[in-house]
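For the sequence shown, this note's numbering gives the first residue as 294, with consecutive numbering after it. Glycine included, every Cβ here is placed at the ideal spot set by N, Cα and C. What follows is a single structure, written as structure tokens, with notes after it.
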Amino acid sequence: MGAVVKNGVKLDDAIYVFNKYDCKGLDLLLGGFSPKRIDEMSNLVNGLKRTPPKQVGDIAEMAAMQKRTKALGAGESVMDNIRIVRKKPAAGGAVDVGELDNVVFKDGKAMKISEVKNNPADLSTAKDQLDQAYDLMNGKLITTKNVGDTLTLADVKFVDSAGKELDIGMFKNAAPSRATIGPKGAAGFTEQLDLTQDEFIRIYTVFK
């Protein structure tokens, strides 16, 4: 049996993970992730090293975005964190209407909209957010969840993660499929990520 560093972690495993992922990888190893498991989520680990999460949900959103990007077909593209904002602030100053965690476009038109939740209890919230965005895109009058005012597509704009307003034609009269994305083992979601809620929390403790 090889030398043990801490918490039953073998010295050879510690050296391997440290050389490949530096201190963050070593922290994951000491936190209970095996070298194989860390390698399986290498893209996520490297992404979090570049962009540390502000909350657990950021990790789930990054994992979902990587999954979407990998699955893109011909003529498809994907954008994340698209905000839906009012053209004129509501009473009290509220601007945001909602956000889409990622949107897949086909030939410049929204074809799939997704909401990502690391907590299985948030499934109904994800569905409501998707339904609200879908109805807006298709010309329906909606009552917003955050303020309670009524809006149509003419009252809002879609803004990318850099704050740039997107062409409304990318969304107008689109009939995208809707996907709720949750952690591994979470019932009721359209799709599941490869990590459990507990794993997302443990990863966050390393990268926060």
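- Within the segment 315 to 390, the complete alpha helix (DSSP H) runs of at least 4 residues fall at 328 to 333, 335 to 343 and 349 to 363.
- Here DSSP, grouped into helix, strand and coil, assigns residue 403 to strand.
- Secondary structure at residue 454: coil, using DSSP grouped into helix, strand and coil.
- Out of 468, 303 and 455, the CA that lies nearest to the CA of residue 399 is found in 468.
- Taking C-alpha positions only, residue 413 is separated from residue 357 by approximately 15 Å.
- Contact between the segment 382 to 395 and the segment 333 to 344 is absent: fewer than 3 CB-CB pairs across the two stretches fall below 8 Å.
- The beta carbons of residue 373 and residue 454 sit closer together than 8 Å.
- Shown here, residue 411 sits in coil according to DSSP, grouped into three states, outside any helix or strand.
- Between residue 448 and residue 380, the alpha-carbon positions lie close to 6 Å from each other.
- With distances taken between CA atoms, residue 483 lies nearest to 407 out of 439, 457, 456 and 407.
- A Cβ-Cβ contact shorter than 8 Å links residue 463 with residue 401.
- Residue 382 counts as exposed, since fewer than 16 other beta carbons sit within 10 angstroms of its beta carbon.
- The alpha-carbon separation between residue 331 and residue 321 amounts to approximately 8 Å.
- Secondary structure of residue 468 (DSSP, three-state): coil.
- When rounded, the separation of the alpha-carbon atoms in residue 309 and residue 299 is 15 Å.
- In the structure shown, residue 475 adopts extended strand secondary structure according to DSSP, grouped into three states.
- Residue 442 carries a coil assignment under DSSP once its states are collapsed to helix, strand and coil.
- A direct Cα-to-Cα measurement between residue 487 and residue 435 gives close to 34 Å.
- Between residue 363 and residue 342, the gap from beta carbon to beta carbon reaches 8 Å or more.
- Cβ neighbours of residue 420 within its own chain (closer than 7 Å, five residues either side excluded): 473.
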